[in-house]
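One structure below.
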Amino acid sequence: MEAAKRLHARLLRRGERRLQPLLLRVLAAGDLHYAALLLESCRSSSAPLHNRLLHALASARHPLLPRAFSRAHRLRLLAPLSFTLLFSSSCSSARFAAGAHALLLRSGHFASGGDPFLASALVSFYARTRLLADARRVFDELTRRDAPVYNALLSAYARAGRVDDAEQLFGEMTERDVVSWTAMVSGYAQNGRHERSVDTFLEMWERAGVQPNELTISSVLPACAAVGAMELGRKVERYARGKGLLKNLYVVNALVEMYAKCGSILQAWKVFQGIGWRRDLCSWNSMIMAFAVHGLWREALLLFHKLRMTGVKPDGITFVGVILACTHGGLVDEGKLLFNSMREEFGLKPRIEHYGCMVDLLGRAGLLKEADQMIMSMPVEPDAVIWGALLGACSFHGNVELAEVAVEKLMHLEPQNTANLVILSNIYASCGIWDGVAQVRKLLKEKDHKKSAGHSFIEFDGRMHKFLVEDRSHPRYEEVYETLDSVTLTMKLVNLEISEDIEG
């Protein structure tokens, strides 16, 4: 910045007015206040120079943005590009941007909505600031809508969880690019519609012939994990490897999580090892959690210690994984030390999920009173997961008193979940408290308890198929039942042969 000031002084002494190189140097140095003053001091300045300043001020959310914008307006230097830069950046406030939108309309630059970049930037701005009604209004007023404008609103709907609106808009599009498809794939996945996410990805990849990018892949892999579509995940990995997309850390992290959740720990470990020095905390957390969930507690704790040796600071997710590992290993003292170290060593405030893990750890070890005391000492109100963990421990260890407390809390938190009453009934029955069993059954009858229909997912030829109990909705259900009957008959014959061998 000192060099820029010296250059400014030399130009002033020489009477030169070459403002552009000086302004660029000041902007590069990051002194936006000096840059704004420099432009104000010059009587003759051009629209391109103002655009550069406006873009820099808007990107930095600098308080001088309104003043610089007003000055450019007074000098009649505002062009469509000025507004495009403004709306494309993180503006200082939605109120100021709305004023700029009004100014844009008065200027006549947006009368026909003819500039697709400006239209897309404006819709994107309103969408980014979650003013979806304004974004839709601008979108509806456009006489011409290209793919970027559609994508801006489509992505906003998906991020906001308005998947039905996104779906409707997607159906209206005549031209869909990779951004359009990715918005739907990620929107479905982020809002729990994992089957639709996988189906949309396959439609994009196989039928529409659109090549997925890094964001598409990192969006569909969690959906594959959720429905157990590991074969599709393998195909995606082969594609990503062939396209060089595994250089993207988001892709490989999603791949580790996909393999882990589908039960292929060895493959997850191979991908994790392949990341090498590029690993971030998400990479470590995914692998630690994978080991912990699958009962490989030694491996999880060993990996945690390796993480510590690298100098990377663990976060709350890391501690969920390692405390869960202690639960599977029955390491009560180790779990307590880790829980206490969160605050004392790492300055992390334990969240409700950490208390839930500790209640589960103590409960499984039979330390039910200690688990109850931890619940009572929590700084936040216990949720259904925590009371459910205590109830599960009571069921295993036959503690009727605490089970009744847990069920009372659970019936208040989730009154429609009658499974908690069923567990209490089983605890009563195991302890011979038949009056309690009768009382719970009466409650279940009053609540009209019905067991939810079970369903299964089966992956075949890279596609997921869902089956309910006694389901006949599948288009090939007759073949399914014929195969099932054949398998059942084969099992009966095998069992008969085993019985004859034993008797013989």
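The opening residue of the sequence shown carries number 1 in full-length UniProt numbering; numbering runs sequentially from there. Backbone N, C-alpha and C fix where the C-beta goes; we use that ideal spot for every residue, glycine too.
- Spatial neighbours of Ala-135 in its own chain (CB-CB distance under 7 angstroms, excluding positions within 5 residues in sequence) are listed in chain order as Val-123, Tyr-126, Ala-127, Leu-153 and Ala-156.
- If the five residues before and after Leu-255 are omitted, its C-beta is found closer than 7 angstroms to the C-beta atoms of Leu-221, Glu-237 and Val-271, all from its own chain and listed in chain order.
- Its chain contains Ala-166, Ala-183 and Gly-187 as the residues whose beta carbon lies nearer than 6 angstroms to that of Ala-158, once the 5 sequence neighbours on both sides are disregarded; these appear in chain order.
- Each residue's CA atom was taken as its position, placing Ala-325 and Tyr-355 some 14 angstroms apart.
- Annotation: Gly-274 to Leu-303 spans about 15 angstroms, alpha carbon to alpha carbon.
- Per DSSP, the unbroken alpha helix (DSSP H) holding Ile-275 starts and ends at 265-275.
- Sorting Phe-346, Gly-335, Leu-296 and Met-289 by C-alpha distance to the C-alpha of Arg-308 places Phe-346 at the top.
- Straight-line measurement puts the Cα of Cys-262 at about 23 angstroms from the Cα of Gly-242.
- In the three-state reduction of the DSSP assignment, Asn-285 falls in the helix class.
- Nearest to Met-258 by C-alpha distance, out of His-328, Trp-205, Ser-283 and Val-138, is Ser-283.
- Shown here, Pro-350 sits in coil according to DSSP, grouped into three states, outside any helix or strand.
- Assignment of Ser-377 by DSSP, reduced to helix, strand and coil, places it in the coil class.
- Following the DSSP letters along the chain, one finds Gly-171 inside the alpha helix (DSSP H) bounded by residues 163-172.
- Proximity to Glu-214 across Asn-191, Ala-226, Ala-208 and Val-185 peaks at Val-185, based on C-alpha coordinates.
- The shortest CA-to-CA distance from Glu-334 to any of Arg-176, Lys-349 and Ala-365 is the one to Ala-365.
- With respect to the 7 angstroms criterion, Ala-240 and Leu-232 are not classified as neighbours on the basis of their beta carbons.
- Taking 4 residues as the shortest admissible run, the segment 405-453 contains the following complete alpha helix (DSSP H) segments, listed from N- to C-terminal end: 419-430 and 434-446.
- Assignment of Arg-472 by DSSP, reduced to helix, strand and coil, places it in the coil class.
- Ranking Arg-279, Trp-297 and Arg-351 by CA distance to the CA of Ile-375 puts Arg-351 first.
- Taken atom to atom, the span from the alpha-carbon of His-328 to that of Leu-338 is near 15 angstroms.
- DSSP, reduced to helix, strand and coil, places Leu-338 within a helical segment of the structure shown.
- Per the Cβ contact rule, the segment 408-420 is not in contact with the segment 430-439 (fewer than 3 Cβ pairs under 8 angstroms).
- Comparing alpha-carbon positions, the option among Ala-68, His-305, Val-163 and Gly-209 lying closest to His-194 turns out to be Val-163.
- The beta-carbon distance between Ser-286 and Asn-253, rounded to whole angstroms, is 6 angstroms. This is short enough to meet the 8 angstroms contact definition.
- Boundaries of the alpha helix (DSSP H) harbouring Pro-222: 214-227, taken from the DSSP string.
- Excluding residues up to 5 positions away in sequence, Leu-154, Ser-180 and Met-184 lie with their Cβ nearer than 7 angstroms to the Cβ of Phe-170 in the same chain.
- Per DSSP, Asp-177 lies in no alpha helix (DSSP H) and is assigned neither H nor E.
- Here Ala-290 is near Ala-268, since their CB atoms are less than 7 angstroms apart.
- Take the alpha-carbon of Asn-191 and the one of Leu-493: they are about 46 angstroms apart.
- Taking C-beta separations shorter than 6 angstroms and ignoring five residues to either side along the sequence, Glu-141 has no partners in its chain.
- Around the beta carbon of Asp-372, 16 or more other beta carbons sit within 10 angstroms, so the residue counts as buried.
- Taking C-alpha positions only, Gly-436 is separated from Asp-383 by approximately 25 angstroms.
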